[in-house]
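*Asks:* Residue numbers (my numbering): 12 to 144. The structure under discussion is supplied below as structure tokens; questions concerning it will follow.
Here it is, written out as structure tokens:
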């Protein structure tokens with residue numbers, strides 16, 4: 012059975028970036044684990060309203076982690092996005108609730124906490140599993 016480390020670093024590219032007509036920013040992030048023996052991949056989608064200063068609440072989000080036949084699907088519980096005026100990067104802090112975990116001993120509803128720094132074309136960050144894996 013695959014395991015997910017209590018805290019795993021990830022990095023990757025921004026595969027989709029869209030400013031929607033309703034004033035929302037929508038991003039899709041793709042990537043993989045770095046500095047880890049397990050070759051987890053990640054796909055995450057995040058959305059929030061533009062045009063506000065400071066930390067803005069995320070409207071929607073989900074992520075999928077895969078390693079071989081193992082897969083974790085998690086849905087956004089809460090989070091914020093904040094533009095760093097000095098670097099132009101976006102700092103995202105979010106908690107996701109596990110909806111489904113195939114091939115892993117994880118309970119539905121268990122939280123994954125993430126912090127991501129998103130640049131123009133790439134991103135990096137960390138996911139911390141709040142339960143034993």
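Glycine included, every Cβ here is placed at the ideal spot set by N, Cα and C.
Rounded to whole angstroms, what is the Cα-Cα separation between residue 73 and residue 27?
*Replies:* 14 Å
*Asks:* If you draw a straight line from the alpha carbon of residue 139 to that of residue 32, how long is it in whole angstroms?
*Replies:* In this structure, the straight-line span from the alpha carbon of residue 139 to that of residue 32 is close to 34 Å.
*Asks:* Apply the 10 Å Cβ neighbour rule to residue 45 and answer buried if 16 or more other Cβ atoms are within range, or exposed otherwise.
*Replies:* Residue 45 should be labelled exposed.
*Asks:* Among all the DSSP beta bridges, which residues are the ones paired with residue 58?
*Replies:* Within the DSSP secondary-structure output, residue 58 pairs in a beta bridge with 37 and 71.
*Asks:* Could you tell me how far apart the beta carbons of residue 129 and residue 100 are, in whole angstroms, since I believe they sit closer than 8 Å?
*Replies:* 6 Å
*Asks:* Taking DSSP as the reference, what is the three-state secondary structure of residue 135?
*Replies:* strand
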